[in-house]
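This report refers to the structure that appears directly beneath it.
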Amino acid sequence: MSRRLRGTRDLVFDGVEVITGLVEKTHREVSERWLRRVAITPAAPVVPVIEAIERGSAGLTYGSIRGVNRVVAALVRGASDPFFGDAEDLVAGEVGSSAWVFTQLAGVVNGAIGDHLEQRDNGLDLGMSLWREGRRVTPRGLPRSPRRLAVFVHGLAATEWCWSMHSERYAGEAKRSYGARLEDDFGYLSLEVRYNSGRRIAESGLRLAEILEALLAANAGAVERIVLVGHSMGGLVARSAALAGKRRGHAWVERLTDLFCIGSPHDGAPLEGLTHGLTRALGLVPAAATSVIASVLDARSAGIRDLRDGTITEEDPDDAEALARLLPQVSSYALVATITRDPEHPAGRWLGDLLVTPASAAGRGRRIPFCTEEVFPGMTHLDLVHHPEVYAMIRRAFETSHSA
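Residue numbers (this note's numbering): 1 to 404.
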């Protein structure tokens, strides 16, 4: 927890810098607009003098605020670092505990500004790690040597807890996640990924590929089958990891048999597309208030921006058939939801699961060759993470795959 507390402290001081910059920018725009009006009046000759005085005083004021903030930050860091240390979170805590709440908030912050956290080496940066039953595990620290491995990847602004947070509501038992059921039904060892969802999706995919390669090396000869299951952005990260691993000659991808993309925006997320358009439009409006809003929206993370087009790789982002071509042994599944009971209803086609449209979740725009597309009517984006009907489909796919 101490590393997270240190990160929270640093983020407060970073926030003061950002807010000061926004206020200064707004002040400058308002001042410039007023001076332009004065410049067309008889008082035009004194405009340069007024401008010089105004800029000097404003620069002194905002510079002083930044200077004081940095001095205070340095003093606070010097006084508190010996108490905080660099301890990592090894236990997530029970649902509702302070550690659990802090972890969920960190997930949200990572989704929003995770690239900034990484650049600043902030303690709130979740990085990427493997978790099991609320505890962090390492490739060499698995509870048993796995023959079959299922890896679950969460979506934007979430953590590994998303897989079991509402399982009691749907399965009648707390922590009864898809992973727990796969262990009971097919003997898989289930692991969950926690990662900074504000980073570029391609970066997260590469990091996941490296972790899985290390895991395979640490359990040489044991792992026969690997399954990746990703929700929302997690499905894009899983696809990216498979491509990155194959292109780098990783051994783990040869054991990858199944890839489930649950409500993943392969063709992009409409909400991010709308945000992008709104940001550009507001930036064109000559008003201080809209300029500030545009600046705030423009600060969203690189991970969120990647969702606009569903970008998963830097090499060839438009090559939708790359995964099927490079890894022909992998059975890939697109799980799609609509809020309407009738999937063909116009509202269902346009709104999808409220965050991802059916066309995007099925990768139709990119013509991604999924071996199976399953539609779940009457569900929202979050229902897909826990619903018994979704697991029933996953179970059927496993039964078919394991009987082959």
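Backbone N, C-alpha and C fix where the C-beta goes; we use that ideal spot for every residue, glycine too.
Span of the beta strand (DSSP E) holding Pro346? That residue, Pro346, is in no beta strand (DSSP E); its alpha helix (DSSP H) goes Pro346 to Leu351.
Considering Cα atoms alone, identify which of Thr357, Leu327, Leu384 and Ser331 is closest to Leu307. Nearest Cα to Leu307 within the set Thr357, Leu327, Leu384 and Ser331: Thr357.
Classify Glu272 as buried or exposed, calling it buried when 16 or more other Cβ atoms lie within 10 Å of its own Cβ. A residue is called buried once 16 or more other Cβ atoms fall within 10 Å of its Cβ, and Glu272 is buried on that count.
Would you call the segment 248-264 in contact with the segment 290-299, where contact means no fewer than 3 C-beta pairs closer than 8 Å? They do not touch, by the three-pair rule.
Arg55 classed as buried or exposed, judged by whether at least 16 other C-beta atoms fall within 10 angstroms: Exposed, by the Cβ-count rule.
What does the alpha-carbon distance come out to for the pair Ala337 and Thr380? Computed Cα separation, rounded: 7 Å.
Buried or exposed by the 16-neighbour rule on C-beta atoms within 10 Å, applied to Cys162: Flag for Cys162 reads buried.
Anticipated Cβ contact below 8 Å, Pro265 with Gly310, distance rounded: That belief holds up - the Cβ atoms of Pro265 and Gly310 are roughly 5 Å apart, short of 8 Å.
Please specify which runs of the beta strand (DSSP E), each continuous and at least 3 residues long, are wholly inside the segment 169-217, giving them in chain order. Fully contained in the segment 169-217 are the following beta strand (DSSP E) runs of length 3 or more, in chain order: 189-195.
For the alpha helix (DSSP H) containing Pro358, list its first residue and its last residue. Unbroken alpha helix (DSSP H) run through Pro358: Pro358 to Ala361.
If we ignore side chains and look at the alpha-carbon of each, how far apart do Glu133 and Ala322 end up? Distance from the CA atom of Glu133 to the CA atom of Ala322, rounded to whole angstroms, is 34 Å.
Just how far apart, CA to CA, sit Glu413 and Leu215? Past the edges of the chain, shown from 1 to 404, lies residue 413, and the structure says nothing about it.
Close-in-space but distant-in-sequence residues of the same chain around Glu183 (CB under 6 Å, 5 per side omitted): Short of 6 Å from the beta carbon of Glu183, and not among the five residues preceding or following it, lie these beta carbons of its own chain, in chain order: Ser190.
Can you check DSSP and say which residues form a bridge with Gly230? Answer is Val153 and Cys261, bridged to Gly230.
Using 8 Å as the threshold, is the C-beta distance between Ala209 and Cys261 below it? Between Ala209 and Cys261, the C-beta spacing is not below 8 Å.
Separation of Ser232 from Ser204, as counted between CA atoms: C-alpha separation (whole angstroms): 14 Å.
Determine the closest residue to Val68 out of Thr20, Thr103, Asp81 and Gly127, with distance taken between C-alpha atoms. Out of Thr20, Thr103, Asp81 and Gly127, Thr20 has the C-alpha closest to the C-alpha of Val68.
Check whether the Cβ atoms of Ala440 and Ser197 lie closer than 8 Å to each other. Residue 440 lies beyond the stretch modelled for the chain, which goes from 1 to 404, so this question has no answer here.
Nearest to Ala99 (by Cα), restricted to the options Val16, Arg341, Gly179 and Thr159: Closest in alpha carbon position to Ala99, among Val16, Arg341, Gly179 and Thr159, is Thr159.
When you compare each of Gly365, His386, Pro369 and Gly352 to Val375 by their alpha carbons, which one comes out closest? Selected option, being the one with the closest Cα: Gly352.
Measuring alpha carbon to alpha carbon, tell me which of Tyr178, His27, Arg140 and Arg207 ends up nearest Ala222. The residue with the shortest Cα to Cα distance from Ala222 is Arg140.
Where Met393 sits in the DSSP three-state scheme: Residue state for Met393 is assigned as helix, using DSSP reduced to three classes.
Between which two residues does the alpha helix (DSSP H) containing Phe13 stretch? Judged by DSSP secondary structure, Phe13 falls within the alpha helix (DSSP H) whose first and last residues are Ser2 to Val38.
Per DSSP, what are the beta-bridge partners of Phe376 in this structure? Looking at the DSSP assignment, Phe376 forms a beta bridge with Ala337.
Alpha helix (DSSP H) containing Trp131: first to last residue? Per DSSP, Trp131 lies in no alpha helix (DSSP H) segment; the continuous beta strand (DSSP E) that holds it begins and ends at Met128 to Arg132.
Reducing DSSP to helix, strand and coil, say where Leu256 ends up. Of the three classes helix, strand and coil, the one that applies to Leu256 here is strand, per DSSP.
Per DSSP, Arg225 is paired with what? BP columns for Arg225 point to Arg148.
Leaving out the 5 sequence neighbours to the left and right, which residues in its chain are closer than 6 Å to Val137 when beta-carbon positions are compared? Its chain contains Leu130 as the residues whose beta carbon lies nearer than 6 Å to that of Val137, once the 5 sequence neighbours on both sides are disregarded; these appear in chain order.
Would you please state the rounded distance, in angstroms, between the beta carbons of Phe152 and Gly187? I believe it to be under 8 Å. Going by Cβ atoms, the distance from Phe152 to Gly187 rounds to 16 Å, so no, they are not a contact pair.
N-terminal and C-terminal residue of the alpha helix (DSSP H) that Phe102 is part of: For Phe102, the enclosing alpha helix (DSSP H) has its first and last residue at Ser98 to Gln119.
Length of the line joining the Cα atoms of Ser2 and Pro45: Distance between the alpha carbons of Ser2 and Pro45 is about 59 Å.
Let me check understanding here. Comparing Cα to Cα, which of Arg120, Leu212, Asp258 and Ser167 lies closest to Asp383? The shortest C-alpha separation from Asp383 is found at Ser167.
At 3 residues or longer, and completely inside the segment 34-78: list those beta strand (DSSP E) runs for me, N to C. Counting only runs of 3 or more, we get nothing.
Just the C-alpha distance for Ala73 and Val18, rounded to the nearest angstrom, thanks. In this structure, the alpha-carbon of Ala73 lies about 14 Å from that of Val18.
Cβ neighbours of Leu22 in the same chain (closer than 7 Å, five flanking residues each side left out): Only Val292 and Ser295 meet the Cβ criterion.
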